[in-house]
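Undergrad: I'd like to ask you about the structure that follows.
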Amino acid sequence: MNTTSSTCVNLSSSYQIGTLMSNLTDIQASLDVNVKYRLEKVSKETETVIQRIIDDATIQQDELLKYGEQRQMIYDELHREWLYKYIVVLDEWQSKQLGEWQNELSEYQKRILNKSQESIIAVNKKAAEIKLRILKEEQNNASSDANALLAAIESLSDEQALQHLGSEKTTEIKLLIRANVGAKLP
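Using numbering that gives the first Met the number 0, you'd call the opening residue of the sequence shown number 0 and step up by one each time.
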């Protein structure tokens, strides 16, 4: 195998190639500068847009928070109103129930007092009957005893043998007699 090569160099084309290569380097440098400038511009614009989005989101969140607080205040106020109404109704119900319960207790108390009073009256009546019976028995016993004594007295006064009518006198005389025998001393 045989190979032959030939080279033909043209100097003017070499200069043009150098110039083109230099231009190519300039284009590459310009490309880098332009790309860098445009990328920085895009980055800055992106940062600006993102910051606006963040600011808008922050504003919207603040507005949402304010709205939520307002709604919460409204709900709290409604809750307070409904709770107050419920408490009023509950208090009325409780008062009514307590009133009814008080009436029931009063009725039970009246029944207890009436029953106690009736029992006390019955006991007092029974005690009075017993006392009256005892009094009658004792009066009858005393009357019987008195009648027996009167009968005995009458019986004694009617018996002549037991009647000692007369008087009795008792005289008591004390006599002291002394006798001295002999001479009496002066």
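Glycine included, each C-beta is placed from N, C-alpha and C at the ideal position.
Return helix, strand or coil for T47, following the three-state DSSP convention.
TA: Three-state DSSP puts T47 in a helix.
Undergrad: How big is the Cα-Cα spacing for D55 and R70?
TA: D55 and R70: Cα-Cα distance of roughly 22 Å.
Undergrad: Give me, in chain order, the residues of the same chain whose beta-carbon lies closer than 8 Å to that of N9; leave out the 5 immediate sequence neighbours on both sides.
TA: In this prediction, N9 has a pLDDT of 49, which is less than 50 and means its spatial position is unreliable; nothing more can be read from the coordinates.
Undergrad: Please report the distance separating the alpha-carbon of I53 from that of G67.
TA: Cα to Cα, the separation comes out at about 20 Å.
Undergrad: Using three-state DSSP, classify T170 as helix, strand or coil.
TA: Here T170 sits in coil by DSSP.
Undergrad: If you draw a straight line from the alpha carbon of I49 to that of R79, how long is it in whole angstroms?
TA: The straight-line gap from Cα to Cα measures roughly 44 Å.
Undergrad: Within a Cβ cutoff of 7 Å, which residues of the same chain sit near I133, ignoring the five residues on either side of it in sequence?
TA: So no residue of the chain qualifies.
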